[in-house]
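Numbering (mature numbering (1 follows the signal peptide of the UniProt record, and there is no 0)), first residue to last: -25 to -1, 1 to 230. Written below as structure tokens is the structure these notes are about.
Written out as structure tokens, the structure is:
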């Protein structure tokens, strides 16, 4: 009787251990225990290798309730750190924006019409993360209200991804960013400000001149696609003129 009881107890213990192991194996795991650790790894992996200047044109396609409402051609140039100049429909339109010094400057008819402080999360995680010291990027991500203590893993269009900002990959409302687990570039950024959720997908990465580039960007607001960007005429200039990112030079800037 005692032997039978011991055998039953041993079997029960073995079953519990097996269940625990299977449950643990099914849990999403990541070697990056925090967003800060992932940022540090991204910086280390691509330091001195990521392109400091990026020039391109894009088709900007606007949607309303699934229907295309407008298309434009934009000219853009990025230069590290955190500088982006966009011209809407050509230089002669007089319309565009400059992102610089964590601020955005808007122009109409070549006149500055608005400016405000703004950290651009897409610029920060697509480019600046490889040039800023990791602690600088972390501080900016915290300003943008990403919870860097929450991480998980997920599949993203056939690629393994590390998710920062939530512990549930099905969560589509918390501010979060997704990073390719192997190549350590950003795949998706979700921000939630005042209940308005903006979801940005970085798609169709291509290896151009040994540089990984997302050639399609999809923007969604509260789950609805509002804009899609298609990049072309892509190049990686050795230098970029600092004057191109000065608001006072907007009217005369050409590249």
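Glycine is no exception: its CB is placed at the ideal position from the N, C-alpha and C atoms.
Requested in this report: Compute the Euclidean distance between the alpha carbons of residue 82 and residue 212, then round it to the nearest angstrom.
Outcome: 25 Å
- If we ignore side chains and look at the alpha-carbon of each, how far apart do residue 34 and residue 111 end up? 32 Å
| message | Does the structure place the region 7 to 18 close enough to the region 150 to 159 that three or more beta carbon pairs sit under 8 Å? | response | yes
Rounding to the nearest angstrom, what Cα-Cα distance links residue 137 and residue 20 in this structure?
15 Å
Strictly by DSSP, which residues pair up with residue 82? 71 and 87
Worksheet entry | Helix, strand or coil at residue 142 [DSSP, three-state] | coil
* Which residues does DSSP pair with residue 193 in a beta bridge? -> 176 and 203
With burial defined as no fewer than 16 other Cβ atoms inside 10 Å of the residue's Cβ, what is the status of residue 182: buried or exposed? exposed
Where does residue 163 land, buried or exposed, given buried means 16+ other C-beta within 10 angstroms? buried
- Using the DSSP secondary-structure output, state which residues sit across from residue 30 in a beta bridge. 52 and 210
Check whether the Cβ atoms of residue 206 and residue 190 sit closer than 9 Å, and answer yes or no. yes
Report the option in 184, 119, 177 and 66 whose CA atom is closest to the CA atom of residue 52.
66
- Query: So who's on the other strand from residue 183, going by DSSP bridges?
  - Reply: 186
Any 3 or more C-beta pairs closer than 8 Å across the region 35 to 42 and the region 87 to 98 = no
**Asked** Looking only at its own chain, which residues have a Cβ that is under 7 Å from the Cβ of residue 179, when we skip the five neighbours before and after it?
**Response** 189, 190 and 191
| Delimiting residues of the beta strand (DSSP E) encompassing residue 151 | 151 to 155
Rounded to the nearest angstrom, what separates residue 172 and residue 151 at their Cα positions? 11 Å
Notebook entry, point to check: What residue does the beta strand (DSSP E) around residue 131 start on, and which one ends it?
Noted result: 126 to 131
Among the residues of its own chain, which have a CB less than 7 Å from the CB of residue 63, if the five just before and after it don't count? 47, 49, 70 and 71
- Item | Neighbour-count burial assignment, residue 154, 16 or more Cβ in a 10 Å radius | buried
Using the Cα positions of residue 103 and residue 55, report the straight-line distance between them to the nearest angstrom.
6 Å
Note to self: Among the candidates 145, 113 and 95, whose CA atom is the shortest distance from the CA of residue 130?
What the structure shows: 145
For this session: Kindly identify the DSSP beta-bridge partner or partners of residue 38.
Result: 43
- request: Could you tell me if residue 139 is buried or exposed, where buried requires 16 or more neighbouring beta carbons within 10 angstroms of its beta carbon?
  value: buried
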